[in-house]
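**Q** Have a look at the structure that comes next, please.
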Amino acid sequence: MEKRRFSPQMAPLLLKEFLETWRDRRALWMAICFSLMFPVLLAGVTIFVVKKNTEETTRLALLGAENAPLLERQLRGPNLEVEAVAEGSPRQLLNDGYDLVLQLPDNFARDYRDFRAPPLYLYMDSSATGAGRAEHHLQERLNSLQQLVVSQRLTARGVAPQLLAPWQLQVRDVSTPSSRGALILAMVPGLLILTLFVASLATSVDTSAGERERLSLETLLLQPLPAWQVIAAKTLAVASLGWLGSLLAIAALVALMPVMPLAELGIQQATTTGGVLAMGLLLLPLALLVAVVQILLALRSSSFKDAQTQLSILQIAPVTLLMVLDAARIDLTDNYWQLVPLVAQQQWLKALLVGESVSVGWVLAGSLTCLLLVAAAIAFGARALRRESLLGAV
Amino acid sequence: MIEVESVHKQFAGRPVLHNLGFSVPDGQITALLGANGAGKTTCLRIITGLLGADSGRVLLGDIDVARDPMAARRQLGVVGDREGLYERLTVAEYLSLFARMQGLSGGALREALDSIRSELELGDLWHRRTRGFSQGERMKVSLARALVHRPRHLILDEPTRGLDVLAARLLRRTLLRLRTAGTTILFSSHVMPEVAELSDRVLVMAGGRIVGSGSPRELAQHTGCDNLEDSFVALAYGDTGGEEEQRQERAPA
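Residue numbers (the numbering used here), protein chains in the order written: chain E, 1 to 394; chain W, 1 to 253.
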């Protein structure tokens with residue numbers, strides 16, 4: 001009966017929990033650093049990958065260029081720098097900074113004129129970074145050159161080049177900027193959810209296992225407060241830090257989007273202010289659920305250290321689960337998935353990140369389910385506080 | 001008045017308290033003595049409602065602790081075997097928050113804080129966070145928290161452990177003043193001179209039951225000993241007390 005009664009003394013209890021949480025510098029820095037780290041890393045990796053793919057030039061050394069004087073000029077193009085080299089071993093040239101070495105044999109010109117398909121020797125170091133990309137660049141250039149030569153030779157002999165091309169493959173990409181964005185940004189919801197776990201970890205351990213170890217939890221339990229209010233106040237305080245972490249991460253991500261080369265990837269930034277606010281709001285019930293689950297696990301652990309270990313493992317579990325669901329290509333489009341915490345938030349975030357809309361009704365239903373689980377966990381936690389083993393009495 | 005009636009308690013099948021019964025009168029200081037493992041802390045935790053008794057009951061005034069724990073907690077001030085401080089709060093914040101949790105507000109809250117600040121000489125510590133406080137300072141703040149709402153019953157578990165002379169004197173002075181004001185005080189201790197000086201009544205526990213009770217003088221008369229320490233040894237250890245003493249003296253440090 002006591003546990004259902006609301007006590008006005010919850011206000012000082014809440015204030016106590018919030019002061020304790022927000023003055024814990026270690027926990028605060030951990031939350032802020034992780035929240036900012038992943039958007040910065042994501043932006044950095046995207047910029048790096050695009051820059052590497054679009055701006056990096058392949059250096060090609062051409063040995064025996066005098067045997068095909070025009071080839072050097074015809075191979076040259078954007079991202080392919082060709083240098084005729086009089087002498088040197090291919091291995092030495094690769095060591096000297098060339099990505100590829102193309103060697104033309106002495107009889108290249110004669111065999112070419114006699115239609116004997118003279119060989120071209122391409123040397124590369126497959127263990128070097130960018131070797132594959134360099135080879136791809138050169139193959140592209142050589143293929144188009146080869147097509148040109150074949151077409152000229154056929155035309156000179158009065159044969160229509162189309163005879164050697166029974167069809168023409170035309171590729172039409174039907175993806176939209178949104179769907180391309182969803183592919184690129186697929187990992188972001190999982191990382192935002194991970195931020196919730198990481199940002200609230202230190203505080204949840206400190207306020208539960210930590211307080212139990214310092215015996216200050218005992219002092220709190222001696223106050224005329226229902227046990228559910230103790231758990232609820234701790235949950236709200238811990239969730240506030242986790243939520244702050246995810247809000248910071250969203251803000252940093254949105255702020256970094258203009259500097260990310262999304263256009264080069266064919267993605268348009270579609271996140272609106274409303275979408276950003278919605279992302280923040282729909283993470284709030286999940287922040288509460290994460291906080292209360294962490295507190296319950298920490299309370300049932302045998303020590304502060306044990307709680308840290310258990311929660312460190314726990315924070316990897318949901319993100320792994322989401323990745324497995326993604327990798328297994330489980331169809332999550334069924335609306336009932338929106339009633340499953342974590343999966344629901346992942347789906348909503350995915351949609352909002354690329355500017356798609358989400359069903360308000362399903363978001364409310366999913367959030368309500370999440371809050372019901374929070375209430376059940378608080379009730380369970382209130383029972384746990386009455387366990388004698390919690391106070392070390394066994 | 002605190003009344004403990006026929007309390008039984010066991011942990012994992014091991015009995016800790018057997019048919020424990022005693023009363024602590026109002027306006028008196030009662031000391032609870034016992035060897036380590038005698039059941040003192042369990043007894044105090046049952047009185048405060050932190051643990052439940054397997055059978056029997058505890059009354060604070062006319063409030064049954066198990067039936068109405070909220071009302072019981074409003075009448076209780078407890079200083080446990082650790083101070084239970086929050087190191088990121090200042091003393092002022094800590095005491096104010098706990099006073100508000102006990103239902104104080106407005107003028108009554110201000111008055112209670114001012115009063116406890118001067119009574120326990122907390123002026124220098126008032127705006128400092130409790131991290132880095134000495135044992136004496138921590139005990140003073142903990143005692144202030146237990147007293148800020150003027151409880152009718154005060155429970156202390158080994159309150160002078162680790163205190164320096166000045167802090168112990170302040171604690172003794174405070175307890176004597178509270179006794180004069182009519183507060184019911186129950187404390188556990190191993191320091192016999194302190195118990196002899198402070199207590200109106202002494203309860204001796206052994207094996208989970210009360211084996212002796214009365215004023216220090218009555219206990220001495222009953223056991224035929226000269227002082228409280230000998231009386232305690234005779235009651236708590238019985239005939240084996242001397243052997244136990246010798247065994248402990250022989251044991252390597």
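A virtual CB, placed ideally from N, CA and C, is assigned to each residue, including glycine. On a predicted model such as this, the values are computed, not experimentally measured, just so you know.
Please decide whether residue 219/E counts as near chain W, where near means a Cβ-Cβ distance under 8 angstroms.
**A** The count along the first sequence starts at 1 and reaches residue 219/E at position 219. Closer than 8 angstroms to some Cβ of chain W, the Cβ of residue 219/E qualifies, so yes.
**Q** At a Cβ threshold of 8 angstroms, is residue 221/W touching chain E?
**A** Along the second sequence, read from residue 1 onward, the residue named residue 221/W stands at position 221. Chain E contact via Cβ: absent.
**Q** So is residue 125/E in contact with chain W if we call contact Cβ pairs under 8 angstroms?
**A** For the purposes of this step, residue 125/E is taken as the residue at position 125 of the first sequence. No, no contact with chain W.
**Q** So, is residue 108/E buried or exposed, given that buried needs 16 or more other C-beta atoms within 10 angstroms?
**A** On the first sequence, residue 108/E is found 108 positions in, with the first residue counted as 1. So residue 108/E ends up on the buried side.
**Q** Check residue 57/W in the structure and name its three-state DSSP category.
**A** Mapped onto the second sequence, residue 57/W falls at position 57. Here residue 57/W carries a strand assignment [DSSP, helix/strand/coil].
**Q** Which same chain residues end up closer than 7 angstroms to residue 120/E when comparing Cβ atoms and leaving out the 5 residues on each side of it in sequence?
**A** What you label residue 120/E is simply residue 120 of the first sequence in a count that begins at 1. Within the same chain, residue 120/E has close Cβ partners 102 and 104.
**Q** Measure the C-alpha to C-alpha separation of residue 4/E and residue 125/W and round it to an integer number of angstroms.
**A** As a position in the first sequence, residue 4/E is number 4, starting the count at 1. As a position in the second sequence, residue 125/W is number 125, starting the count at 1. Note that residue 4/E scores a pLDDT of 49, beneath 50, so its modelled location is shaky and nothing firm can be said.
**Q** Identify the contact partners of residue 216/E in chain B, using a Cβ-Cβ distance below 7 angstroms as the criterion.
**A** Chain labels in this structure do not include chain B; the protein chains are E and W.
**Q** Relative to the C-alpha of residue 303/E, which residue among 210/E, 74/E and 156/E is closest?
**A** Counting from 1 along the first sequence, the entry for residue 303/E is found at position 303. For the residues 210/E, 74/E and 156/E, the minimum Cα distance to residue 303/E belongs to 210/E.
**Q** Taking just the CA atoms, how far does residue 94/W sit from residue 235/W?
**A** Locating residue 235/W in the second sequence gives position 235, where the first residue counts as 1. Locating residue 94/W in the second sequence gives position 94, where the first residue counts as 1. Computed Cα separation, rounded: 41 angstroms.
**Q** Since I believe residue 295/E is in contact with residue 208/E (beta carbons under 8 angstroms), could you give me their beta-carbon distance rounded to a whole number of angstroms?
**A** Residue mapping note: residue 208/E aligns to position 208 of the first sequence, counting from 1. Residue mapping note: residue 295/E aligns to position 295 of the first sequence, counting from 1. Going by Cβ atoms, the distance from residue 208/E to residue 295/E rounds to 5 angstroms, so yes, they are a contact pair.
**Q** Which two residues bound the contiguous alpha helix (DSSP H) that contains residue 250/E?
**A** Here residue 250/E refers to the residue found at position 250 when the first sequence is read from its first residue. Start and end: 227-256.
**Q** For the beta strand (DSSP E) containing residue 161/E, name the first residue and the last one.
**A** Here residue 161/E refers to the residue found at position 161 of the first sequence. Run containing residue 161/E: none; DSSP gives neither H nor E here.
**Q** Locate the alpha helix (DSSP H) running through residue 95/E, then write down its first and last residues.
**A** Reading the first sequence from its first residue, position 95 is the one you call residue 95/E. Per DSSP, residue 95/E belongs to the alpha helix (DSSP H) from 90-95.
**Q** To the nearest whole angstrom, what separates the beta carbons of residue 98/E and residue 59/E, a pair I think is in contact under 8 angstroms?
**A** The residue labelled residue 98/E in the question sits at position 98 within the first sequence. The residue labelled residue 59/E in the question sits at position 59 within the first sequence. About 5 angstroms; that satisfies the 8 angstroms criterion.
**Q** If distances are taken between C-alpha atoms only, which option among 366/E, 238/E, 371/E and 279/E comes closest to residue 15/E?
**A** Translated into positions along the first sequence, residue 15/E becomes position 15. The shortest Cα separation from residue 15/E among 366/E, 238/E, 371/E and 279/E belongs to 238/E.
**Q** Out of curiosity, what's the CA-to-CA distance linking residue 261/E and residue 52/E?
**A** As a first step, residue 261/E is located in the first sequence; it is residue number 261 there, counting from the start. As a first step, residue 52/E is located in the first sequence; it is residue number 52 there, counting from the start. Roughly 12 angstroms between the two C-alpha positions.
**Q** What are the residues of the segment 25-59 of chain W that lie near chain E, defined by any Cβ-Cβ distance shorter than 9 angstroms?
**A** Correct list: 41, 42, 45, 48, 49, 50, 51 and 52.
**Q** If I'm right that residue 90/W touches residue 145/W with Cβ under 8 angstroms, what's the distance once you round it to whole angstroms?
**A** Counted from its first residue, the second sequence places residue 90/W at position 90. Counted from its first residue, the second sequence places residue 145/W at position 145. About 13 angstroms; that fails the 8 angstroms criterion.
**Q** According to DSSP, is residue 185/W part of a helix, a strand, or is it coil?
**A** Your numbering for residue 185/W matches position 185 in the second sequence. Looking at residue 185/W - three-state DSSP - the assignment turns out to be strand.
**Q** Would you please verify whether the beta carbon of residue 375/E is less than 8 angstroms from any beta carbon of chain W?
**A** Along the first sequence, one-based indexing puts residue 375/E at 375. No - not a single Cβ of chain W is within 8 angstroms of the one on residue 375/E.
**Q** Could you give the distance in angstroms between the alpha-carbon of residue 238/W and the alpha-carbon of residue 22/W?
**A** Sequence index remark: in the second sequence, residue 238/W carries index 238 (1-based). Sequence index remark: in the second sequence, residue 22/W carries index 22 (1-based). Computed Cα separation, rounded: 20 angstroms.
**Q** Using a beta-carbon distance below 8 angstroms, is residue 99/E in contact with chain W?
**A** Counted from its first residue, the first sequence places residue 99/E at position 99. Under the 8 angstroms criterion on CB atoms, residue 99/E is classed as non-interfacial with respect to chain W.
**Q** Would you kindly work out how many angstroms separate the C-alpha atoms of residue 122/W and residue 319/E, rounded to a whole number?
**A** If you number the second sequence from 1, residue 122/W lands on position 122. If you number the first sequence from 1, residue 319/E lands on position 319. Distance between the alpha carbons of residue 122/W and residue 319/E: 50 angstroms.
**Q** Starting from residue 372/E and walking both ways along the beta strand (DSSP E), at which residues does that stretch end?
**A** Counted from its first residue, the first sequence places residue 372/E at position 372. Residue 372/E -> not in any beta strand (DSSP E); alpha helix (DSSP H) instead, spanning 360-385.
**Q** What is the rounded straight-line gap between the Cα of residue 357/E and the Cα of residue 188/E?
**A** The sequence position of residue 357/E within the first sequence is 357, counting from 1. The sequence position of residue 188/E within the first sequence is 188, counting from 1. So the alpha carbons of these two residues sit roughly 17 angstroms apart.
**Q** Skipping 5 residues on each side, what residues in its chain have a beta carbon closer than 8 angstroms to that of residue 261/W?
**A** Residue 261/W lies beyond the stretch modelled for chain W, which goes from 1 to 253, so this question has no answer here.
**Q** Which residue or residues does DSSP assign as beta-bridge partners of residue 77/W?
**A** Here the question's residue 77/W lines up with position 77 in the second sequence. Residue 77/W pairs with 154/W.
**Q** Return the Cβ separation of residue 90/E and residue 112/E in integer angstroms, given the expectation that the two are a contact with Cβ distance under 8 angstroms.
**A** The residue labelled residue 90/E in the question sits at position 90 within the first sequence. The residue labelled residue 112/E in the question sits at position 112 within the first sequence. Residue 90/E to residue 112/E, Cβ: 21 angstroms. No contact.
**Q** By DSSP, does residue 129/E sit in helix, in strand, or in coil?
**A** Position 129 of the first sequence holds residue 129/E. Residue state, collapsed to three classes: coil.
**Q** Cα separation between residue 207/W and residue 26/E?
**A** Counting from one through the second sequence, the residue named residue 207/W turns up at place 207. Counting from one through the first sequence, the residue named residue 26/E turns up at place 26. Between residue 207/W and residue 26/E, the C-alpha separation is close to 46 angstroms.
**Q** Keeping to the same chain, check which residues put their C-beta closer than 8 angstroms to that of residue 393/E; ignore five residues upstream and five downstream.
**A** Residue mapping note: residue 393/E aligns to position 393 of the first sequence, counting from 1. Low local confidence applies: a pLDDT of 49 at residue 393/E is under 50, so the model's placement there is unreliable, and no value is given.
**Q** Rounded to the nearest angstrom, what separates residue 371/E and residue 78/W at their Cα positions?
**A** For the purposes of this step, residue 371/E is taken as residue 371 along the first sequence, with counting starting at 1. For the purposes of this step, residue 78/W is taken as residue 78 along the second sequence, with counting starting at 1. Each residue's alpha carbon lies about 36 angstroms from the other.
**Q** Runs of 3 residues minimum, wholly inside the segment 109-179 of chain W: which ones carry the beta strand (DSSP E) assignment?
**A** 153-157
**Q** So, does the segment 215-222 of chain E touch the segment 325-337 of chain E, judging by three or more C-beta pairs under 8 angstroms?
**A** In short, these stretches do not touch, since the Cβ pair count stays below three.
**Q** Figure out for me which residue from 235/E, 174/E, 154/E and 172/E has the closest Cα to the Cα of residue 165/E.
**A** As a working note, residue 165/E is residue 165 in the first sequence. The shortest C-alpha separation from residue 165/E is found at 154/E.
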